[in-house]
Amino acid sequence: MSFAPPLGPGRSPVAITLERENLRKKKYRWCYLKDLKRPREFRQNLRVAIKVLISEAVKRTLLQASAEKRTVYRKAFEFLENGLWEGGLQVKKLRGLSNKTVLEGRLGRSERLLMTLGRDTGEDQEPLLLAYVWAVAEHDRVDARARAILPENAPFLSFTAWTASELSDVELEALDASHITQEPVTARVNHETGAQKWFVLDEKEWKRLLLYSRGDFDLSLYLTPEQRDLLRTPLPVLVSGTAGSGKTTMAVYYLAHPRFAGRSRLFLTYNVHLRNFSERLYRSLVCLTERTDDPPPDFLTFKELCFRLLATDGRSRFQPEREVDLNTFQEMLRRLPAASKLDAALVWEEIRSIIKGAKPQLDARVLRALVSKLEAGMEGASLAAELREEILALKRLSLAEKAESVARRLMGLGLREIASDLTKHMENRKAALVRVLQALAGVVDKHEADFRSPLMTFAEYERLGHKRAPAFLQDRRQIYEVAEWYQKGLEQAHQWDETDLTRAAIRALDKAPGAWRPYDLVCCDEVQDFTDIQLSLIVRLPNRPSDLVLAGDPKQIVNPSGFRWEEVKDLFYDRAVPVPPVHHLTLNFRCVGSIVLLSNALLELKQRLLGIRSDERLDDWKFQGRPPFLIEDVAPDELIEELRVTAPDRIVLTRSESDRDLLRQRLDTELVFTIREAKGLEFATVVLWGFGADPAVNAFWARMLSGDAARLHDAHIRHEINLLYVGITRAQRDLILYDGPDASSIWSSPLFEDLIHRSSSMAFIDEAWRATSSPADWERQGDYFMEFEHYRAAAECYRNAELPDRMARARALAAEKQKDFESAAGWWDKAGEPRHAAESYERAGKPGLALPLWDKLGERKRADDCRVLQLEVDGRFAEAAVAREERKELERAVENWSKARRHDREAELWERLKNRTKAAQAYLKARDFANAARLYLKLGRKEEAARCLEDAGQFETAMDLWGKLKMPDQLLRCAIRSGDPLLIGAAHESRGEWKQAVE
């Protein structure tokens, strides 16, 4: 190659000398790079910093390549990282909306690298030149390979080039603007690209790549400016992000940030899928870094956290089969005729998040114990934090006014003021603080009954405003009565729900605060799903309340729960922590723009009807995509026939369970869900079936859309809009709307009509719904459903993937979820998991079927358990009782002796168990009146003893006892029963009845 500068007229010798010196440096740089020597001063000579970004497809290519092949790739990329390309570079300027220029660089005889160039600014606002590497393709199959790798996400790679040229040994910064055509990662594009993740590939990441062999591995994403700003934000951090905005990823990036290296960290979420996704992402990011061997963060669901806080004996109360969730509650509510017209999901959310979930945890004994510690001279942040929680709990109860009055009278401050500066008051006004706390404990004692109930009082519930509890404003008395009925049913059946578990975890923390080691950082995702009582526990998990990252999306709430970021901010305000602003991530990378625009229209409608909320903002989008497709003039049977062929990443959603069940039957598939069930799920293509088919729904929406909403319930408005929002945003790429042959009038509204394409053509359905799928695709879809506990759908996917064992396992879990343990056992057996099969047979009350499985597993004790259980199932209670006695299971033996009607043996065992009352009762059943009398005498129950003595024929002793009890009528009756004239005469004589005595 030649670096000689061109000589032209009018060029001064100085200019020529300077240009030659610059070219000499460039040549020097090329030579060093070819020898793989890279002096830093050469990179510093670049006017613009260079960053190399690779797509998901290129990352996959590099990870799947052999070690030797990776080394070859590294040499080529090393030039690119230094702003250079050695060898041939074909420049293709494409026909298309954006007139992109694609650069094809030769990697050798058989491969090419496809890239585009763009500009951006770095973290310090320095200019960047970005090389976007889309694919690595075979030299003679570039177009075919590009279509195979990125058929939807990068269709422009196969566009026709209207100009093409060849460059050699190129400096990227020297290329003119016509070569730099890639838009920034946040810029909107139309149809030429789809959703892309871009990963930074620099020297540090290459070191990891060259060492990689197998397992979880990921590169760092190239972040948007707002994401970079977020990671620089000091704690605490509040993040409100729409689906696809990267809020969960940002929470994980916080955990992986170098400033938290080696510190204790927790990622907390509500669902298993997010926990697993986040744990995998963290492992992938730190793999083969200096943090690989650091203790990893804990990744827990909220339920797992509660069980970790409970001691072993405390967990025994919370058996999985006794948990009540929404599905169980719906079954319970069907048995309550008065609630037949209520929406079970709405009522459940009102009880869960308000009536039960907003009742603070408060215990006078805990408060007094903390005051005693304060009086004894104990100090420190831990004691202050515990006292603060008790004071703040008082602030949210019906006796708040009385407690507030006591605090102001004795200390001149309100509860919130005391709590916010508690450490200072402990140091400077300790005596006054102790007096206030003792008085508050007295107030709590007087209202102990209110605190024992897990429900807030009706007065507390009624006092809540429409923002805090927007649902059922006119029906609170009825809903409260349902809540009381529900709680009573739980207690009678020894069942529990998530709020009961939360309270038990808080009690465990109160009893042994020293046993809990707080975290240095807690990142909590899906915060909108947590109730007040759960948030009060979460804020106690870190060392300081400020060491929190809370992320959520209020628009994902289907049922009005009253969640507001303002309530979350109060957690910090109450604890004297500077209240952080809410950071909004509004760019949706996952859904196409047409779906985002439709969801924004819904938000605008909500704001028009209910007012603007600061925590609900319009989303932005990057990829335009095709508009939602409204099918009309098509019969249901015709559309069902088209949908009968299923594929991964395609789903049908309904608003009602009846439509869901009908479509599951007609389509012969489990891949149909209600909108509520699909919350949190996402698919490439979604069919929203029958959202506006109901005339009542149509009428309600007509009033909303016309602005005639003055008499409509705010909670109902919010529910309808949120329901549709969740339904449409489950689709990432294609949304198909269908209400029947006649489309709902909802879609004819000026708000929606320009955002939707209406047609009766089935061609679009055929294109969007049908897809070629491999067993691996079905397996991934099955894994996805498993993490969300949609087991029947997962089983269908595994069946399509030809994975019978995993299908059987999913069916077993589905049966367990329905409490059909006998069916579950059969599926566990087919899945090759005999232990689970045996346990399910036991839970189904079929110990005889579990017995051979335990024998086969060599579990002698479990097998013996089943033998005894089978005796009980067969009604052979005497044999079972003997077996229980031999196993020292005396209480179970007692039950069996009772069922065998061997009350004598039952009584003997009760005596051994030192339960004289039950022993006496058993002796009575055995007609062993003498022993019953003996025990009643020991218990001091002389009347029962006297009666037993009578029944035993010990009349004289019984009469003596009746006499001591001064009960002459009973004494006479006893004498008459004896038939002994002497005893009868003595009885009359004791009563002064001389004539009868003589007779």
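Going by my numbering, the sequence shown opens with residue 119, and the numbers climb by one from there.
We treat Cβ as the ideally placed atom computed from N, Cα and C, and that holds for glycine.
Keep in mind it's a predicted model, so treat the numbers as computed, not measured.
- Secondary structure remark: continuous alpha helix (DSSP H) runs of at least 4 residues inside the region 356–387, in chain order: 365–374.
- A contact is defined here as three or more CB-CB pairs under 8 Å, and the region 662–676 meets this definition with respect to the region 625–642.
- For secondary structure counted as the alpha helix (DSSP H) over 4 or more consecutive residues, the region 852–922 holds these complete runs in sequence order: 881–887, 893–905, 909–918.
- In this structure, Ala-999 and Trp-1015 form a Cβ contact; the two beta carbons are roughly 5 Å apart against a cut-off of 8 Å.
- Assigned with DSSP and collapsed to three states, Trp-316 falls in coil, not helix or strand.
- Across the structure, Leu-406 and Pro-415 are spaced so that their CA atoms are roughly 17 Å apart.
- In this structure, Pro-631 lies away from Pro-660, with their beta-carbon atoms at least 8 Å apart.
- Taking all protein chains shown into account, Glu-1009 has fewer than 16 neighbouring C-beta atoms within 10 Å of its C-beta and is therefore exposed.
- By the neighbour-count criterion, in which a residue is buried when 16 or more other Cβ atoms sit within 10 angstroms of its Cβ, Ile-473 is buried.
- Its Cα nearest to that of Arg-735, the residue Leu-703 stands out among Arg-188, Arg-778, Leu-703, Cys-1092.
- Leu-715 places its beta carbon 8 Å or farther from that of Arg-876.
- Rounded to whole angstroms, the gap between the alpha carbons of Ala-476 and Met-574 is 8 Å.
- Of Arg-426, Tyr-330, Ser-863, Glu-1003, the smallest CA-CA separation from Val-815 is found for Ser-863.
- Going by beta carbons, Leu-171 and Phe-395 fall outside the 8 Å limit.
- Under the three-state reduction of DSSP, Asp-628 is assigned to helix.
- Closest by C-alpha distance to Glu-907, out of Thr-541, Ala-930, Leu-451, Gly-498, is Ala-930.
- Around the C-beta of Thr-1035, fewer than 16 other C-beta atoms lie within 10 Å, and the residue is accordingly described as exposed.
- Shown here, His-831 sits in coil according to DSSP, grouped into three states, outside any helix or strand.
- Across the structure, Gly-711 and Ala-849 are spaced so that their CA atoms are roughly 11 Å apart.
- Between the alpha carbons of Arg-888 and Ala-765 lies a gap of roughly 7 Å.
- Inter-segment contact for the region 773–789 and the region 917–924 is absent: fewer than three beta-carbon pairs are separated by less than 8 Å.
- Taking C-beta atoms as the reference points, Arg-381 and Thr-387 fail to come closer than 8 Å.
- Inclusion of Trp-865 and Ile-874 in the CB contact set at 8 Å is warranted, their separation being smaller than that value.
- With respect to the 8 Å criterion, Ala-587 and Leu-464 are not classified as neighbours on the basis of their beta carbons.
- Inter-residue distance for Met-1085 and Arg-1020 is about 34 Å (C-alpha atoms, whole angstroms).
- By the Cβ-count criterion, His-954 is buried, with 16 or more other Cβ atoms from all chains shown falling within 10 Å of its own Cβ.
- The region 646–654 makes no contact with the region 339–349; the number of CB pairs closer than 8 Å stays below 3.
- According to the DSSP assignment, Ile-172 belongs to no alpha helix (DSSP H) but to the beta strand (DSSP E) extending over 167–172.
- Boundaries of the beta strand (DSSP E) around Val-700: 700–703.
- For Arg-224, the three-state secondary structure derived from DSSP is strand.
- DSSP places Gln-613 outside both helix and strand once states are collapsed to three, so it counts as coil.
- For Thr-239, the number of other beta carbons within 10 angstroms of its own is below 16, and it is reported as exposed.
- Looking at the DSSP output, Thr-772 shares a beta bridge with Thr-792, Trp-807.
- Ranking Ala-817, Arg-483, Phe-1047 by CA distance to the CA of Lys-564 puts Arg-483 first.
- By the C-beta criterion, the region 522–533 is judged not to be in contact with the region 483–493, since fewer than 3 inter-stretch pairs fall below 8 Å.
- Every alpha helix (DSSP H) stretch that sits fully inside the region 696–760 and reaches 4 residues is listed by chain position as 711–728.
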